[in-house]
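Down below is the structure, laid out as structure tokens.
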Amino acid sequence: MSDSWPRRRLLAILRGAEEPLDAQELARITGQHVTTVRFHLDVLTRESLVRQFQQPPRGRGRPRIGYSAVQRSVGYQDLAQALADQLGPDRRARTEAGIAAGRAWGAKLDAGEERVETLDGAKDLSMTLSSELGFAPERDPGADTAEQVQIRLTACPLRELARTHSDVVCGVHVGLLQEVLDRSGARDRVKVWMRPFVEPELCLARLELVRGRPEPSARSEEPREVPTLPIVDTPVAAEPLIAPPSAGRIPPQLRNGETDVVKESAKQW
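Just so we're aligned: the sequence shown equals residues 797 to 1065 in this note's numbering.
Take a look at the structure:
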């Protein structure tokens, strides 16, 4: 299943759905032919990743078959909610805690042997990792430039928690991506940003070249400046030089004076 992008996306959608969805509904959401969707659903069912449910027919005809993702753990959302609630009322502190936790998590993952040499390479690695985590990422080439690339996150395994604690959930995702990219050779060169819920079911991740460190690629012969944005409430952002707590280094902090330009920076989105 891990080698099939369509099945990973179907599974991510079912994990975020509040009720079982049938093949027709999934075909409409994904834009795939219903026969193709049914094929992938049969594979997911055989692998015990989804379960089938009989649903009432629409009008006359046979009952419909609905599909729901098999939950990997009991009370996962409730546990995450309880933990997030314990981080206190300060939004910046919760964001910092989320980023630090994500970096600690990323430090324990196998980053693989392939080194990130270009911004496109950083995007490929981020797409793969986000897909494995259930975010159903999509490329957004229309928003890409020589200095930054964008990824559309069309699903979230913690969607409901993210609606109330986007600082924590997105912070963890940012910290995780940043740590894995850093360990893969992009340290001090690529910075991760996150903007949650630009649409009801869509978040955006952005990878930026760090100011003064141009990508070693033929498509950019001369260094080009990349604007430095502050950590803001929305989007949530991570500083590339922040290290995971497990490495004994300091947690993320805002740089002095950055809060004064929050509104101006947010306009760039």
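Note that the Cβ used here is the ideal one computed from N, Cα and C, for glycine as well.
Please state whether DSSP places residue i in a helix, a strand or coil.
| i | result |
| --- | --- |
| L883 | coil |
| F993 | strand |
| R1002 | strand |
| A808 | helix |
| R1015 | At R1015 the pLDDT is 38, less than 50, meaning the model places this residue with poor confidence and gives no usable figure here. |
| A889 | helix |
| E909 | coil |
| H969 | helix |
| S800 | coil |
| Q877 | helix |
| A823 | helix |
| E1060 | Bear in mind that a pLDDT of 36 at E1060, under 50, signals an unreliable position, so the number given afterwards is only what the model happens to contain. Helix, per DSSP. |
Is it true that the CB of residue j sits closer than 9 Å to the CB of residue i?
| i | j | result |
| --- | --- | --- |
| V945 | L921 | no |
| V986 | G898 | no |
| R935 | L1000 | no |
| A951 | E892 | no |
| P885 | H836 | no |
| G930 | Q974 | no |
| A813 | A876 | no |
| A823 | I861 | no |
| Q882 | Y863 | no |
Among the candidates the options, whose CA atom is the shortest distance from the CA of residue i?
| i | options | result |
| --- | --- | --- |
| A958 | P992, V866, T832, V988 | P992 |
| G917 | E814, G981, R847 | G981 |
| G971 | T832, W989, P816, P853 | W989 |
| E1151 | R804, P953, G938 | Residue 1151 is absent from the structure shown; the chain starts at 797 and stops at 1065. |
| T826 | S926, L806, L845 | L806 |
| K919 | A900, T941, L905 | T941 |
| A907 | L845, R887, V976 | V976 |
| L905 | R888, R911, L925, E913 | L925 |
| E815 | Q851, L1003, R887 | Q851 |
With which residues is residue i paired in a DSSP beta bridge?
| i | result |
| --- | --- |
| G862 | D818, F849 |
| K987 | E1004 |
Fill in: Start-end ranges of the beta strand (DSSP E) lying completely within the segment 912-951, minimum 3 residues
933-935, 944-949
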